[in-house]
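Asker:
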Amino acid sequence: EAGVAQSPRYKIIEKRQSVAFWCNPISGHATLYWYQQILGQGPKLLIQFQNNGVVDDSQLPKDRFSAERLKGVDSTLKIQPAKLEDSAVYLCASSAGQKQGELFFGEGSRLTVL
Amino acid sequence: GQQLNQSPQSMFIQEGEDVSMNCTSSSIFNTWLWYKQDPGEGPVLLIALYKAGELTSNGRLTAQFGITRKDSFLNISASIPSDVGIYFCVTDDKIIFGKGTRLHILP
């Protein structure tokens, strides 16, 4: 079974530029999460989708971050415009929803903002 | 928001030693999970606990869901080099991660 796929693995941009990350969850997983992990910290939940609906986006900085999961499968996270403090690894995870908290993570997309 | 306090923040041990780490909170949770993250990878689930007092093992790993539902413990017996990484406790409330315990094994 294929795991959670993310791209790109690495991205370097200048501040005020925009960037987009893509995630394809495990087939059949209804729930998809985006996390931000700043160096030295634990992952912080940005947004949770159930199929194509948003369950929780309370920690998403909506002035610059947006995410969508239009067909309930893959998802895109966008940052526009980027700030220096957005430098982090963006992790996508999915779950089948049968057991609370059991998430499968991708390898992450590492963003460096200069 | 809810906070999970993991202890210790870092551990430096010799190969073969046993390891203990814990996670506490002021809030009550219904689920405690332990994840491990290797460098350059996403976290991977090690053990999930769904009942207060539950003690669960996965190979050399043993985890317990505290009776008060406010804490959890993870033990690793006879550590080996591949145990190096960051261990996170996670709860079911918005799938919050602790700050992690970094395990280092001395050569």
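Protein chains in written order, with my numbering: chain A, -14 to 99; chain B, 89 to 195.
Ideal placement from N, C-alpha and C gives every residue a C-beta, glycine not left out.
These figures come from a predicted structure and were not determined experimentally.
1. 9 angstroms is my cut-off, CB to CB: does Gly38(A) come that close to chain B?
2. Rounded to a whole number of angstroms, what is the C-alpha to C-alpha distance between Ser170(B) and Thr16(A)?
3. Ser51(A) and Cys8(A) - do their beta-carbons sit closer together than 9 angstroms?
4. Are the beta-carbon atoms belonging to Val98(A) and Lys68(A) less than 9 angstroms from one another?
5. In its own chain, which residues sit with a C-beta less than 6 angstroms from the C-beta of Gly82(A), not counting the 5 before and 5 after it?
6. Can you tell me the Cβ-Cβ gap for Tyr138(B) and Pro131(B), rounded? I've got them flagged as a contact below 8 angstroms.
7. Exposed or buried, Ile116(B), counting other C-beta atoms within 10 Å across all chains shown (16 or more means buried)?
8. Taking the alpha-carbon positions, what's the Val114(B) to Gln91(B) distance?
9. In chain A, what lies closer than 7 angstroms to Phe185(B) by C-beta?
10. Identify the residues that DSSP records as bridge partners of Gln2(A): which are they?
11. Tell me whether Ile135(B) is buried or exposed, calling it buried when 16 or more other Cβ atoms sit within 10 Å of its Cβ.
12. Please list the terminal residues of the continuous beta strand (DSSP E) segment that includes Ser145(B).
13. Using CA atoms only, rank isn't needed, just tell me which of Gln102(B), Gln97(B), Ser95(B), Ser108(B) is closest to Ala151(B).
Answerer: The answer reads as follows:
1. No, Gly38(A) does not count as interfacial toward chain B.
2. Those two C-alpha atoms are separated by around 30 angstroms.
3. Pairing Cys8(A) with Ser51(A) gives a Cβ-Cβ distance that is not under 9 angstroms.
4. It is a contact, given that the beta carbons lie within the stated cut-off.
5. Cβ neighbours of Gly82(A) within its own chain (closer than 6 angstroms, five residues either side excluded): Ala15, Thr16.
6. No, Tyr138(B) and Pro131(B) are not in contact; Cβ-Cβ is about 19 angstroms, not under 8 angstroms.
7. So Ile116(B) counts as exposed.
8. With the sequence shown as reference, residue 114(B) is identified as Ser, and Val is not the correct amino acid for it. Rounded to the nearest angstrom, the two C-alpha atoms are 8 angstroms apart.
9. Contact note: Phe185(B) reaches chain A through Gly27, Pro28, using a C-beta cutoff of 7 angstroms and chain order.
10. DSSP output for Gln2(A) lists no bridge partner at all.
11. Buried is the label assigned to Ile135(B), since at least 16 other Cβ atoms lie within 10 Å of its Cβ.
12. Per DSSP, the continuous beta strand (DSSP E) segment holding Ser145(B) begins and ends at 143 to 146.
13. Measuring C-alpha to C-alpha distances from Ala151(B) to each of Gln102(B), Gln97(B), Ser95(B), Ser108(B) identifies Ser108(B) as the nearest.
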